[in-house]
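Right, one structure below, let's go through it.
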Amino acid sequence: MRFLQRLARKENLLARIICLLMACGLWVYVMTDQNPIIEVRLQQRNLPQNMMVFNAPDKILVKVRGSRAKLSSDNLSAEINASINLKNITEGQQSLPITVTYSGGEIVSVTPKEVSVYVDTVSEKKVPVTTRIVGAVNGDMTIGSSIIPPAAVTLRGATHRIDKVNRVVAPIDISNHTGSFQAESELVAVSDD
0 MRFLQRLARK ENLLARIICL LMACGLWVYV MTDQNPIIEV RLQQRNLPQN
50 MMVFNAPDKI LVKVRGSRAK LSSDNLSAEI NASINLKNIT EGQQSLPITV
100 TYSGGEIVSV TPKEVSVYVD TVSEKKVPVT TRIVGAVNGD MTIGSSIIPP
150 AAVTLRGATH RIDKVNRVVA PIDISNHTGS FQAESELVAV SDD
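Reminder that position 96 of the sequence shown reads as 95 in numbering that gives the first Met the number 0, one-by-one numbering, no gaps.
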């Protein structure tokens, strides 16, 4: 009983709280140092050439356990392999488990354990290129004709996106031009909506 009374004395209470906080901090440091959380690149394996994957994260978090010598390696994230297997994948929304391997120790946890991806086929479509005039004409000038080489381009990508595209637009800024001129433009794929 005297031990509990001495323990509860106010003059020792502050020192005890400080010691307890320091002990907790050291414990967190040691546990984090022994079981680090590493950000690793998520690879896509066995994807058929005629398929595309959307919404797959580039990186995931992996918590590992191992010897201090292995865990202090500069190439630790390169030694951990994380991947999703797309061998027999079909079109549509898919939930795929993530496979993680680490030869230098043990995998404690993986975040997330699976990913939800959208899979689509790859297709091509030839569409016409049109101009879109941007800016105002200087003075009393008018806009004449425009020649666009090439007149059509071939788009390649996910079928659900390619099917919606009906033309490609080349925006041309005429603000500071007089007479005939040539300009380069970045092409923009456009759908009805």
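In this text, a Cβ means the ideal position worked out from N, Cα and C, and glycines have one as well. All values reported here derive from a predicted model rather than from experimental measurement.
Local Cβ density within 10 Å of residue i, reported as buried at 16 or more and exposed below that
i, result
"Ile142", "exposed"
"Glu12", "The amino acid at residue 12 is misidentified as Glu; the sequence shows Leu. Its Cβ having fewer than 16 others within 10 Å, Leu12 is exposed."
"Val27", "exposed"
"Leu75", "buried"
"Ala150", "exposed"
"Val136", "exposed"
"Ile83", "buried"
"Ile97", "buried"
Beta-carbon proximity check, residue i vs residue j, cutoff 8 Å
i, j, result
"Ile146", "Ala169", "no"
"Leu186", "Val164", "no"
"Thr158", "Ser122", "yes"
"Thr110", "Ile59", "yes"
"Val114", "Leu85", "no"
"Gln42", "Val52", "no"
Own chain partners of residue i with C-beta closer than 6 Å, once the 5 adjacent residues on each side are dropped
i, result
"Asp172", "Val133 and Gly134"
"Asn226", "There is simply no residue 226 to check, as the chain begins at 0 and stops at 192 in what is shown."
"Ser108", "Lys62"
"Glu78", "Gly103"
"Ala195", "One cannot answer for residue 195 here, as it falls past the ends of the chain, which runs 0 to 192."
Own chain, CB closer than 8 Å to residue i, minus 5 neighbours either side, in chain order
i, result
"Asp162", "Ser122 and Lys124"
In chain order, each beta strand (DSSP E) run of at least 3 residues that lies wholly inside the segment 77-145
Runs of beta strand (DSSP E) with 3 or more residues, each lying fully within the segment 77-145, are found at 79-84, 91-96, 98-101, 104-110 and 113-133, listed in chain order.
Three or more C-beta pairs below 8 Å linking the segment 88-95 and the segment 104-121
yes
Between the segment 103-116 and the segment 57-64, are three or more C-beta pairs nearer than 8 Å?
yes
Give the list of continuous beta strand (DSSP E) stretches no shorter than 3 residues that lie fully inside the segment 40-64.
50-53
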